[in-house]
Amino acid sequence: MIIKKAEFIRSYSLGYDGSGNDEICVVGRSNVGKSSFINAICGNGKLAKTSSLPGRTRLINVFSINGGEFNLVDLPGYGYAKASKAEKATWDELMGHYFETADRIRQVIVLVDIRNTSIKDKQMLEYLYYYQIPFTVVATKCDKVTKSALKTELNKMASYLGLGKDNLIAFSSVSKLGISEVLGRFDDILKI
Ligand SMILES: Nc1nc2c(ncn2[C@@H]2O[C@H](COP(=O)(O)OP(=O)(O)OP(=O)(O)O)[C@@H](O)[C@H]2O)c(=O)[nH]1
Ligand SMILES: [Mg+2]
Numbered sequence: 000m001i002i003k004k005a006e007f008i009r010s011y012s013l014g015y016d017g018s019g020n021d022e023i024c025v026v027g028r029s030n031v032g033k034s035s036f037i038n039a040i041c042g043n044g045k046l047a048k049t050s051s052l053p054g055r056t057r058l059i060n061v062f063s064i065n066g067g068e069f070n071l072v073d074l075p076g077y078g079y080a081k082a083s084k085a086e087k088a089t090w091d092e093l094m095g096h097y098f099e100t101a102d103r104i105r106q107v108i109v110l111v112d113i114r115n116t117s118i119k120d121k122q123m124l125e126y127l128y129y130y131q132i133p134f135t136v137v138a139t140k141c142d143k144v145t146k147s148a149l150k151t152e153l154n155k156m157a158s159y160l161g162l163g164k165d166n167l168i169a170f171s172s173v174s175k176l177g178i179s180e181v182l183g184r185f186d187d188i189l190k191i
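Take 0 as the starting number for the sequence shown in numbering that gives the first Met the number 0 and just add one per residue.
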């Protein structure tokens, strides 16, 4: 797949019931690189707002890809240690509702930091398994580990998350590693 056109549609908070189109959504811990991932695969550095401060994306942001082929959805991050109880409750409610109406979700792209895999990531995958929502795990920020250490780190991550060794895509929005693999995966997902 080639992403020729990516447009921001709108942001939603509570009560989002889908965009009326097939969706591929992006989840992951706060600051893992979700917005950067969307910008990198769309070839547009300004599409989704990124920030070095964690917990910035607090809304569901919907982007239309290739004039309606599917929608890409940037979800708020989980596991931000400094979030208040009320903020955490809002996240639970927002995401609970999002995944409840899961029929239109063709795939959840779960981003996990290559240097910082957490129990929260494991819990996210357990949740998706439980509700039988299809997902793909992408290891982000792979530019931060040396080429020689990358394979070992990926294997460690796969084993911790209970995934097959080859069921991980190594990615970096800085070096652009993994973009073509992700886009190939999107083709497979949308074909089904
Ligand atoms: N080195 C490196 N830094 C990255 C990469 N992806 C994102 N970052 C940096 O990590 C920080 C967070 O990136 P975002 O894309 O805003 O992360 P996010 O997951 O959308 O964050 P929230 O919306 O706050 O949950 C920013 O400073 C990015 O520049 C990457 O592949 N490599
Ligand atoms: Mg973000």
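Glycine is no exception: its CB is placed at the ideal position from the N, C-alpha and C atoms.
Residue i, DSSP secondary structure in three states
i: Arg-105; result: strand
i: Ala-47; result: coil
i: Val-26; result: strand
i: Asp-142; result: helix
i: Ala-148; result: helix
i: Val-245; result: Outside the displayed span of the chain (0 to 191) sits residue 245, for which this structure offers no information.
i: Thr-135; result: strand
i: Val-61; result: strand
8 Å contact criterion, which residue i and residue j should meet: CB distance rounded
i: Leu-124; j: Leu-153; result: That pair is no contact at about 16 Å.
i: Gly-95; j: Ser-29; result: Going by Cβ atoms, the distance from Gly-95 to Ser-29 rounds to 18 Å, so no, they are not a contact pair.
i: Ser-147; j: Ala-39; result: With a Cβ gap of about 24 Å, Ser-147 and Ala-39 do not count as contacting.
i: Gly-66; j: Lys-4; result: 6 Å
i: Glu-92; j: Leu-149; result: About 37 Å; that fails the 8 Å criterion.
i: Leu-162; j: Met-0; result: Wrong, their Cβ atoms sit about 23 Å apart, outside the cutoff.
Chain-order list of residues whose beta-carbon lies under 7 Å from that of residue i (same chain, five-residue window excluded)
i: Gly-42; result: Ile-2
i: Glu-180; result: Ile-168
i: Ser-174; result: Asp-142
i: Lys-119; result: Arg-28, Tyr-77, Gly-78
i: Leu-46; result: Ala-5, Phe-7, Ile-37, Asn-38, Phe-62
Beta-carbon proximity check, residue i vs residue j, cutoff 9 Å
i: Ile-37; j: Gln-106; result: no
i: Val-111; j: Phe-134; result: no
i: Tyr-11; j: Ile-64; result: no
i: Tyr-130; j: Phe-98; result: yes
i: Val-72; j: Glu-6; result: no
i: Gly-177; j: Phe-185; result: no
i: Ala-82; j: Trp-90; result: yes
i: Leu-74; j: Val-136; result: no
Own chain, CB closer than 6 Å to residue i, minus 5 neighbours either side, in chain order
i: Ile-192; result: A query on residue 192 cannot be resolved here, the shown segment of the chain reaching from 0 to 191 and no further.
i: Thr-116; result: Met-156, Tyr-159
i: Thr-49; result: Ser-34, Ser-35
Close-in-space but distant-in-sequence residues of the same chain around residue i (CB under 8 Å, 5 per side omitted)
i: Thr-100; result: Asp-16, Gly-17
i: Ile-8; result: Ser-18, Val-61, Phe-62, Ser-63, Asn-70
i: Ile-191; result: Arg-105
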